[in-house]
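See structure below.
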Ligand code: SF4
Ligand code: SF4
Ligand code: SF4
Ligand code: SF4
Ligand code: SF4
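Chains as they are written, first to last, in the numbering used here: chain A, 1113 to 1358; chain B, 239 to 582.
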């Protein structure tokens, strides 16, 4: 089998997910050995439009993005959303809850007229997406797992259970016991509950599980002292594009 | 039954002697909670805990473990991974020992599970009677206040000293070689009875409002009830009630392959029947798609399916599920009492 040709692209994002790929260290060499990287702005100079797998980072925030993304979709056999901006809309969607003219002024000041913007959205709102690797940033091991699955011709599997599972496996003490609140019960696992393990709580960066019980999660947060506005804020931080955050 | 006694002032020496010769794990304090972990010095060991966050099952069925390693080419080669380093588990409450006894039966049944059994054989268990009762515990009502087997030694705090019951020959030599026990007097033995009944009495504040023998029949008549939907409406499907339970043993098996696509390992990790994809099969079909059906399943396992197998409930009353479930709907006492009320 010929090595699959792989390309990386970015839209509105901090490029942190691409950085995670570069940070794969020894695994990166193996990935690079197993595939042929033909385009990766953050790590190399050349570019080619002949690729099999496109990893696309970032959310779509303006009309001109759509054309570029459609072009990538036409070239790629497999299109993978890399990270929460691309997969969920992510943190960029925070601006969707404000007037678009207002946010433009806030960011670009008197040059606002020169820029176009519209409410941020995930890739799948514009083109069909074959696979999503959520996370802000992505988990490197999960990225490697997805690459391996493609090489084996398998469909990659990422967890569809909440962060609480990995949190219990890590033997963390639930942050609700310590007076904090947490999005773990509705957030897709796969990160090993790293934020709780490191002393924080889950912010919800990997997005929601397939069938989240948002109502119950709202109740739990309210019982632990959050106002309606704060609860909404928790859901909007990363999953502002989803129905539950409306 | 011959009982021994060790003075409290000699306990540290006993623990230190064990640490010198064995890997010792026991209960440690962390942020106001209790966790099992490696004990490196006697001061770290806590014996007056009420209940740990995660039960000792993690020593026999770890959250994640490698079952075997494989090489897929030129020819398939499989190397089993078995762990069996001897260790001492110091400070296990009777209800958790009862749970381990149930697990021992489950994992030895049918095709015996060598990974579990090897670890289990490698463990020496030093039990300890609880001196405190966790707010949601109901082990006294589950007949788990004391156990007659499943430990090598069993300690009871009677004030200035510990009564030590010997549960096995291994336990006997462990005690004789590492501590300075003397025979307990009749009075001291009686004190143990008194202490045990006082703590059980405190624990009995929580329990079933009807005989637990009736639970299987109750469940047999409750399958189609709307009750389950009502109860499960708040369920987050987070699996916490399964993962913290000392009698839940479900796991998922997966292959992890290296980037060379040749080497890899088969691992198993904790799973739980409350999780959305637990009963999903390769064709994509999910046999327990709804929250209510998964929620109901757990109580049927505890109170009916496993009851038939073990002639007892697969619940020892530790109360871990109850205190860890955020919407507070996992407590067997509340659930079965409500179900019984609903029946009337
Ligand atoms: S800390 Fe958060 S993720 Fe961990 S168990 Fe509690 S709610 Fe779940
Ligand atoms: S714990 Fe939550 S916020 Fe942290 S990485 Fe995992 S999903 Fe993201
Ligand atoms: S019953 Fe409670 S602990 Fe169990 S899965 Fe549902 S919400 Fe989680
Ligand atoms: S069902 Fe709950 S109370 Fe019963 S043994 Fe399991 S965790 Fe403990
Ligand atoms: S109650 Fe559920 S998770 Fe626990 S052992 Fe039974 S089927 Fe498995």
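Glycine residues also receive a C-beta, built at the ideal position from the N, C-alpha and C atoms.
Computed from a predicted model, the values in this text were never measured in an experiment.
Segment limits, alpha helix (DSSP H) that includes residue i
{"i": "residue 453/B", "result": "453-458"}
{"i": "residue 1345/A", "result": "1340-1351"}
{"i": "residue 259/B", "result": "249-259"}
{"i": "residue 1159/A", "result": "It is not in any alpha helix (DSSP H) - residue 1159/A carries neither H nor E in the DSSP assignment."}
{"i": "residue 1327/A", "result": "1326-1335"}
{"i": "residue 1131/A", "result": "1128-1134"}
{"i": "residue 346/B", "result": "332-346"}
{"i": "residue 1309/A", "result": "1306-1309"}
{"i": "residue 427/B", "result": "424-441"}
{"i": "residue 1254/A", "result": "1252-1264"}
Interface partners of residue i on chain B, CB under 9 Å
{"i": "residue 1142/A", "result": "496, 497, 498"}
{"i": "residue 1272/A", "result": "513, 514, 515, 518"}
{"i": "residue 1146/A", "result": "497, 498, 499"}
{"i": "residue 1338/A", "result": "Ordered by position in chain B, no residue passes the 9 Å Cβ test against residue 1338/A, which lies about 13 Å from the chain."}
Exposure of residue i, with buried meaning 16 or more beta-carbon neighbours within 10 Å
{"i": "residue 414/B", "result": "exposed"}
{"i": "residue 461/B", "result": "exposed"}
{"i": "residue 1157/A", "result": "exposed"}
{"i": "residue 451/B", "result": "exposed"}
{"i": "residue 267/B", "result": "exposed"}
{"i": "residue 458/B", "result": "exposed"}
{"i": "residue 1244/A", "result": "buried"}
{"i": "residue 1169/A", "result": "buried"}
{"i": "residue 364/B", "result": "buried"}
{"i": "residue 311/B", "result": "exposed"}
{"i": "residue 1152/A", "result": "buried"}
{"i": "residue 291/B", "result": "buried"}
{"i": "residue 1214/A", "result": "exposed"}
{"i": "residue 1162/A", "result": "exposed"}
{"i": "residue 1226/A", "result": "exposed"}
Within chain B, the residues that residue i reaches when beta carbons sit closer than 7 Å
{"i": "residue 1256/A", "result": "497"}
{"i": "residue 1228/A", "result": "Residues of chain B passing the Cβ test: none, with the nearest at roughly 40 Å."}
{"i": "residue 1240/A", "result": "Going along chain B, no residue has its Cβ under 7 Å from residue 1240/A, so there is no contact; the nearest lies around 19 Å."}
{"i": "residue 1297/A", "result": "474, 476, 564"}
{"i": "residue 1263/A", "result": "499"}
Extent of the continuous beta strand (DSSP E) run through residue i
{"i": "residue 394/B", "result": "391-395"}
{"i": "residue 353/B", "result": "Looking at the DSSP string, residue 353/B is not in any beta strand (DSSP E); the run it does join, the alpha helix (DSSP H), is 352-359."}
{"i": "residue 402/B", "result": "399-404"}
{"i": "residue 304/B", "result": "302-309"}
{"i": "residue 1176/A", "result": "No beta strand (DSSP E) holds residue 1176/A; the alpha helix (DSSP H) holding it covers 1175-1187."}
{"i": "residue 1193/A", "result": "1190-1194"}
{"i": "residue 378/B", "result": "Residue 378/B -> no beta strand (DSSP E), and no H or E assigned at all."}
{"i": "residue 575/B", "result": "No beta strand (DSSP E) contains residue 575/B, which is instead part of the alpha helix (DSSP H) from 570-581."}
{"i": "residue 1278/A", "result": "Element bounds for residue 1278/A: not the beta strand (DSSP E) but the alpha helix (DSSP H), 1275-1281."}
{"i": "residue 504/B", "result": "501-508"}
{"i": "residue 317/B", "result": "315-318"}
Residues of its chain near residue i, where Cβ-Cβ distance is below 6 Å and the 5 sequence neighbours each way are ignored
{"i": "residue 255/B", "result": "416"}
{"i": "residue 1228/A", "result": "1174"}
{"i": "residue 545/B", "result": "454, 551"}
{"i": "residue 1304/A", "result": "1278"}
{"i": "residue 262/B", "result": "256, 277, 326, 328"}
{"i": "residue 366/B", "result": "285, 329, 393"}
{"i": "residue 308/B", "result": "316, 502"}
Under 8 Å from the C-beta of residue i: neighbouring residues of chain B
{"i": "residue 1281/A", "result": "301, 302, 481, 507, 508"}
{"i": "residue 1332/A", "result": "474, 564, 565"}
{"i": "residue 1139/A", "result": "497"}
{"i": "residue 1307/A", "result": "In chain order: nothing, as chain B lies at least about 16 Å away."}
Close Cβ partners of residue i (< 8 Å) along its chain, the five nearest in sequence each way excluded
{"i": "residue 1269/A", "result": "1261"}
{"i": "residue 1172/A", "result": "1123, 1124, 1178, 1181, 1232, 1233, 1234, 1235, 1237, 1238"}
{"i": "residue 296/B", "result": "274"}
{"i": "residue 410/B", "result": "404"}
{"i": "residue 1134/A", "result": "1140, 1154, 1155"}
Closer than 7 Å at the beta carbon, the chain A residues around residue i
{"i": "residue 291/B", "result": "1283, 1285"}
Where residue i meets chain A, residues with beta-carbon distance less than 9 Å
{"i": "residue 269/B", "result": "1285, 1289, 1290"}
Residues near residue i in its chain [Cβ-Cβ closer than 7 Å; skip 5 each side]
{"i": "residue 1307/A", "result": "1313, 1314, 1315"}
{"i": "residue 1241/A", "result": "1191, 1193, 1235"}
{"i": "residue 426/B", "result": "243, 396, 401"}
{"i": "residue 506/B", "result": "303, 305, 489, 490, 491"}
Near-chain A residues of the segment 546-567 of chain B (beta-carbon distance less than 8 Å), N- to C-terminal order = Against chain A - using a Cβ distance shorter than 8 Å - the residues of the segment 546-567 of chain B are 562, 564, 565.
Just by C-beta distance, which residues in the segment 512-525 of chain B are closer than 8 Å to chain A?
-> Within the segment 512-525 of chain B, the residues whose Cβ lies closer than 8 Å to any Cβ of chain A are, in chain order, 513, 514, 515.
Selection of the segment 459-487 of chain B by Cβ proximity to chain A, strictly under 7 Å = Only 472, 473, 474, 475, 476, 477, 478, 481, 482 from the segment 459-487 of chain B bring a Cβ to less than 7 Å from some Cβ of chain A.
Interface positions of the segment 253-281 of chain B facing chain A (Cβ-Cβ less than 8 Å), listed along the chain | Hits within the stretch, in order: 268, 269, 270, 271, 273.
Taking Cβ-Cβ distances below 9 Å as the criterion, which residues of the segment 1313-1329 of chain A are in contact with chain B?
-> Residues 1321, 1322, 1323, 1324, 1325, 1327, 1328, 1329.
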